[in-house]
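S.K.: The opening residue of the sequence shown carries number 0 in numbering that gives the first Met the number 0; numbering runs sequentially from there.
Dropping the structure in here first, questions after.
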Amino acid sequence: MGEYRVPEQLKKFVTEKTIIVRSPGRINLIGEHTDYNDGFVLPAAIDKAVYVTIEQVPGTKLFLHSVDFNESVEIELTAIKPVPGHWSTYILGVADQFVQKAKQVSGFKLNIYGDVPLGAGLSSSAAVECAVAFALNKILNAGFSRKELALMAQAAEHTYAGVKCGIMDQFASLFGKKDNVIRLDCRSLDYEYFPLELNEYVVVLFDTQVKHSLASSEYNVRREQCEAGVALIQQKYPQVKNLRDTTIEMIKECISPGDIVYNRCKYVVEEITRLQTGCGDLQRGDLMAFGQKMYATHHGLSKYYEVSCKELDYLVEYVQQSRDVIGARMMGGGFGGCTINIIKKSSVEGLVSELTVAYLENMGKELKHYMVNIEDGTSIIK
Ligand code: GLA
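If you want it as structure tokens, here you go:
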């Protein structure tokens, strides 16, 4: 386990009995929009995280304070309900899971601070949910396993944030391992770590600085379109439960080509295969082959799944012209957020300055970039 420090911003809230939990954001190398189709994903936890201080208080009241928003909320446990769009909803959603599943829930005082950029596709919301779930599990002595906590955090996102997300983000936050990626089977939740060895390459994220308000509603629409595709395929192949069980041939046979649902299903099935072969590339050290798959994923997400935007496309198309960027694609739910890029270390600086100028000129926005280190998942740091 790595050593993680208590952030300065939280120090003033710490007393002897305070527990502090760190829970990271995530990247995903490949396998996008596959988790809720029972496919595979390849995420890793990163060096940007959410931190909560927590202590139990007598009674049944929650005292929540966000350092980032400089705002406090006080609420009775019996009165909690979703407040979509507000930072507290993720915390309340997790508290609600504990009310439903743990035997006894008491009042608590919780302060939260994080350095996962919001709306950048690095799963700041999952980091919050997992930090809170891990912290409550500890103070209530509830005994849930990491897998159970991941599922509770995901349920909180469904019920309190209204996003019918898959399990990838919460799983990555809770199960991250320093310098390793996680190959997760989202159907069985079986997983396997393997070291990410990039040699003279590094992972860099380019942040479009675009956060589309469409993201959550369109996300849920994509999920419904995949389910609609499965229903069509089931008419002929009743054994099929999810897109994971289908092949491109089945899709061609059961759905009219050119149909939106056809395009969505085609992307997902191809992406599940890309991940399988992509893992082989990584394990053999064939980074070039892996990088090509990332570009193919971006093409699919942009043209068939239609969750990209002009800024994401611009960033990917730009770096694709450079020999030193061996792979790039949009990452996460889409409609904004970051691209993930595998870039030759020695070229990063030059490329960043060049791209910053070009992005401002062509897209009218400041470009941010983050160098990524892969870190451990959720843990108690005090
Ligand atoms: C969001 C969701 C995840 C996953 C990705 C797309 O991050 O929370 O469950 O579906 O989008 O791969």
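For every residue, glycine included, the Cβ atom is placed at its ideal position computed from N, Cα and C.
Taking its Cβ as the centre, do 16 or more other Cβ atoms sit within 10 Å of THR338, making it buried, or is it exposed?
M.R.: By the neighbour-count rule (16 or more Cβ atoms within 10 Å), THR338 is buried.
S.K.: Roughly how many angstroms lie between the CA atoms of ASN381 and ILE19, to the nearest whole one?
M.R.: Residue identity differs from the one stated: residue 381 is Lys in this sequence, not Asn. Near 5 Å, if we compare the C-alpha coordinates of ILE19 and LYS381.
S.K.: With three or more beta-carbon pairs closer than 8 Å as the criterion, would you say the segment 298-305 touches the segment 339-359?
M.R.: No, the segment 298-305 is not in contact with the segment 339-359.
S.K.: If you follow the beta strand (DSSP E) that SER71 is in, where does it begin and where does it stop?
M.R.: Residues 70-75.
S.K.: Is it a yes or a no for the segment 197-208 touching the segment 156-165, going by three-plus beta-carbon pairs under 8 Å?
M.R.: Cβ pair count under 8 Å is below three, so no.
S.K.: Taking only the alpha-carbon atoms, compute the straight-line gap between ASP189 and PHE205 and give it to the nearest angstrom.
M.R.: About 31 Å.
S.K.: For GLN55, write down the residues that DSSP places opposite it in a beta bridge.
M.R.: In DSSP, GLN55 forms a bridge with PHE107.
S.K.: Please state if the CB of LYS108 and the CB of VAL56 are separated by a distance shorter than 7 Å.
M.R.: Their beta carbons are under 7 Å apart, which means VAL56 touches LYS108 by this criterion.
S.K.: Pull up the distance between the alpha-carbon of GLY326 and that of VAL5, whole angstroms please.
M.R.: Taking the straight line from one Cα to the other gives about 35 Å.
S.K.: Under 6 Å: does the beta carbon of ASP206 sit that close to some heavy atom of the ligand GLA?
M.R.: No; taking the cut-off as 6 Å, the Cβ of ASP206 has no heavy atom of the ligand GLA nearer than that.
S.K.: Could you tell me whether the segment 268-278 touches the segment 20-40, using the rule of 3 or more Cβ pairs below 8 Å?
M.R.: Cβ pair count under 8 Å is three or more, so yes.
S.K.: Counting along the chain, where does the beta strand (DSSP E) carrying CYS384 start and finish?
M.R.: Residue 384 lies beyond the residue range present for the chain, which begins at 0 and ends at 381; the question has no answer from this structure.
S.K.: Just how far apart, CA to CA, sit HIS354 and LEU366?
M.R.: For clarity, residue 354 is Leu in the given sequence; the question names His instead. Their backbone Cα atoms lie some 8 Å apart in a straight line.
S.K.: Can you list, in chain order, the residues of its chain with a C-beta nearer than 7 Å to that of PRO194? Leave out the 5 residues immediately preceding and following it.
M.R.: Within the same chain, PRO194 has close Cβ partners ASP178, ASN179.
S.K.: With H, G and I counted as helix, E and B as strand and the rest as coil, what does DSSP make of ARG328?
M.R.: If DSSP states are grouped into helix, strand and coil, ARG328 belongs with the strands.
S.K.: Label PHE68 either buried or exposed according to how many other C-beta atoms from any shown protein chain fall within 10 Å of its C-beta, with 16 as the threshold for buried.
M.R.: PHE68 should be labelled exposed.
S.K.: Under 6 Å from any heavy atom of the ligand GLA, by CB: list those residues in chain order, please.
M.R.: That gives GLU31, HIS32, ASP34, TYR35, SER122, CYS164, GLY165, MET167, ASP168, GLY331, GLY332.
S.K.: Would the segment 43-56 count as touching the segment 8-28 if we require 3 or more Cβ pairs under 8 Å?
M.R.: Because the criterion of three Cβ pairs below 8 Å is met, the segment 43-56 and the segment 8-28 touch.
S.K.: So THR207 is in the beta strand (DSSP E); what residue range does that whole segment cover?
M.R.: Per DSSP, THR207 belongs to the beta strand (DSSP E) from 200-210.
S.K.: At which residues does the alpha helix (DSSP H) containing LEU408 begin and terminate?
M.R.: The structure shown does not extend to residue 408, since the chain spans only 0 to 381, so no value can be given for it.
S.K.: Could you spell out where the alpha helix (DSSP H) holding GLY24 opens and where it closes?
M.R.: Unbroken run through GLY24 is the beta strand (DSSP E), 18-27; no alpha helix (DSSP H).
S.K.: Name the two residues that bound the continuous alpha helix (DSSP H) containing LYS10.
M.R.: Unbroken alpha helix (DSSP H) run through LYS10: 7-10.
S.K.: Within 10 Å of its beta-carbon, does ARG283 have 16 or more other beta-carbons around it, so buried, or fewer, so exposed?
M.R.: So ARG283 counts as exposed.
S.K.: Count the other CB atoms within 10 Å of the CB of ILE379; is the residue buried (16 or more) or exposed (fewer)?
M.R.: Exposed is the call here.
S.K.: Going by beta-carbon coordinates alone, are GLY336 and GLY24 separated by less than 7 Å?
M.R.: Contact flag unset, no.
S.K.: To which residues of the same chain is TYR89 closer than 6 Å at the C-beta, ignoring the five residues directly before and after it?
M.R.: For TYR89, where only same-chain residues beyond five positions count, the Cβ hits under 6 Å are SER124, VAL127, GLU128.
S.K.: Using alpha carbons as the reference points, say which of TYR294, ARG322, ILE29 lies closest to VAL437.
M.R.: Lying outside 0 to 381, the shown extent of the chain, residue 437 is not represented and no answer is given.
S.K.: Please classify ARG322: is it buried, with 16 or more other beta-carbons within 10 angstroms of its beta-carbon, or exposed?
M.R.: Classification of ARG322: exposed, given that the 10 Å Cβ count is below 16.
S.K.: So within the segment 110-181, which uninterrupted alpha helix (DSSP H) runs reach at least 4 residues, ignoring any that extend past its ends?
M.R.: Runs found: 123-138, 145-155, 167-174.
S.K.: Reducing DSSP to helix, strand and coil, say where HIS64 ends up.
M.R.: Strand, per DSSP.
S.K.: Going by DSSP, what residue range makes up the alpha helix (DSSP H) through GLU270?
M.R.: Segment 259-283, the alpha helix (DSSP H) holding GLU270.
S.K.: VAL356: buried (16+ other C-beta within 10 angstroms of its C-beta) or exposed?
M.R.: Result: exposed.
S.K.: Among ALA101, ALA154, TYR159, ASP114, which one has its Cα closest to the Cα of LEU135?
M.R.: Closest option to LEU135, Cα to Cα, is ALA101.
S.K.: Between the segment 246-258 and the segment 229-236, do at least 3 Cβ pairs fall closer than 8 Å?
M.R.: Touching, yes, given that three or more Cβ pairs across the two stretches are closer than 8 Å.
S.K.: Quick one, are the C-beta atoms of ASN110 and PHE12 less than 7 Å apart?
M.R.: Yes, Cβ-Cβ distance for ASN110 and PHE12 is below 7 Å.
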